[in-house]
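I have placed the structure first, in the form of structure tokens, so that the comments after it can refer back to it.
Residue numbers (mature numbering (1 follows the signal peptide of the UniProt record, and there is no 0)): -25 to -1, 1 to 337.
Now the structure itself:
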């Protein structure tokens, strides 16, 4: 009787798998979610756990290590790399992340008297109380930050024709400064500027989205086309706790290797990442996920060394920093020349580090 029940269960699961596969061809991505979460969950669960109608768990890496990833990148199999990045790739530039105890943004918003830290980026709270957001916005871009080694490693992937796209949660614009434009923003808030002579009317300043608003349609169309073609997913500087960004790790084929470069392991078993979609670094069934625990800069520097790109990366950073410094000096000189006679421009205090130069990531 038990065997009969088991056979019936398997038959029913196979039927659901066929239904799930058929539904993919008839439905498009909605603007409020990355695909159908329930259907994605069913398909991944059945294909990975029961081996029904899914891809086999073939190993693409010789070893589950950074060295194994480097060898894979050098092979003919790796042609389309997707990067998923968060605030951790910018912290070495002097930009705080969100969640680090003591130094993160969410631990330093007491002066705004918020009901909870995330409220400052919530569209509902913003419509009623825009003042805290505008006060913080004035602190976001007072100075010029330089891209990090991690940013330039991604640029190197782009220059070598390996970067499919970079999905970023950051609004610090350092990806653009670093020189790679194949990005897809996944941040969850947007800047607004108040229009003159109005009380509740706002116009967009940057192409970013508040908590509580839908991501743009191009985000979902990019996900739909990019991830099935991904040969390697590199995740850096993110806790993978915010949706829909966190669920993107499950969109690549089941044979695609996934590398996490972060100070701590992420994407394992959180409420936002169901266990069958989570990354598996340590179990006996692990076959494609690699965690390299380090700062993003150190991880990228080590990976570049294993790839034989270390000197090229260092030369790129040196050259680009010189360009930024030269541009800054030219801009400062031009500003001084345009200054009216008889007025002296107040000089910024450079003796103390700026603690409020914040950029928002996840």
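All C-beta atoms in this analysis are idealised placements derived from N, C-alpha and C, irrespective of residue type, glycine included. This one's a predicted model, so the numbers in the text were calculated from it and none came from an experiment.
message: Measuring only the C-alpha atoms, how far is residue 221 from residue 206?
response: 19 Å
Residue interval of the alpha helix (DSSP H) (run including residue 55): Unbroken run through residue 55: none, as it is neither H nor E.
field: Span separating the alpha-carbon of residue 103 from that of residue 90
entry: 13 Å
field: Selection from 225, 121, 125 that minimises the alpha carbon distance to residue 61
entry: 125
Buried or exposed (CB count within 10 angstroms, at least 16 for buried), residue 99: exposed
message: Within a Cβ cutoff of 6 Å, which residues of the same chain sit near residue 34, ignoring the five residues on either side of it in sequence?
response: 262
Where residue 210 falls: helix, strand or coil (DSSP): strand
message: Using beta carbons (cut-off 7 Å, strictly below), is residue 257 in contact with chain E?
response: This model lacks chain E altogether; it includes just one protein chain.
task: Look at the alpha carbon of residue 219 and the alpha carbon of residue 48, and state the distance between them as a whole number of angstroms.
output: 27 Å
field: Cβ shell of residue 88 (< 6 Å), same chain only, five flanking positions each side left out
entry: none
- request: With DSSP collapsed to three states, give me the class of residue 86.
  value: helix
- prompt: Which of helix, strand or coil does DSSP assign to residue 175?
  reply: Unreliable positioning characterises residue 175 in this predicted model, as indicated by a pLDDT of 37, which lies under 50. The coordinate reading is nonetheless provided below. Looking at residue 175 - three-state DSSP - the assignment turns out to be coil, as it is neither helix nor strand.
Residue closest to residue 255, alpha-carbon to alpha-carbon, out of 229, 270, 238, 294: 229
message: residue 275 and residue 212 - do their beta-carbons sit closer together than 7 Å?
response: no
task: Please look up how many angstroms separate the CB atoms of residue 233 and residue 208, rounded, as I've assumed it's under 8 Å.
output: 4 Å
- request: Measure from the alpha carbon of residue 39 to the alpha carbon of each residue in 299, 55, 231, then state which is nearest.
  value: 231
Alpha-carbon spacing of residue 237 relative to residue 268, whole angstroms: 5 Å
task: Report buried or exposed for residue 65, applying the criterion of at least 16 other Cβ atoms within 10 angstroms of its Cβ.
output: buried
- request: Starting from residue 281, trace the alpha helix (DSSP H) both ways and give me its first and last residue.
  value: 271 to 282
- request: Tell me residue 297's beta-bridge partners as DSSP assigns them.
  value: Answer is none; residue 297 lacks a bridge partner.
- prompt: If you check the beta carbons only, do residue 253 and residue 240 fall under 7 Å apart?
  reply: no
Integer Cβ distance of residue 288 from residue 297, believed to fall under 8 Å: No, residue 288 and residue 297 are not in contact; Cβ-Cβ is about 15 Å, not under 8 Å.
task: Alpha carbon to alpha carbon, how far is residue 155 from residue 130? Give it in angstroms, no decimals.
output: 6 Å
message: If contacts are defined as beta-carbon pairs under 8 Å, then residue 139 and residue 201 qualify, I think. What distance do you get, rounded to the angstrom?
response: 6 Å
- request: Determine the extent of the beta strand (DSSP E) in which residue 266 is found, giving its start and end residues.
  value: 264 to 268
- request: Would you mind stating whether residue 37 and residue 43 have Cβ atoms separated by less than 7 Å?
  value: yes
task: Use the C-beta contact count for residue 86: other C-beta atoms within 10 angstroms, 16 or more gives buried, fewer gives exposed.
output: exposed
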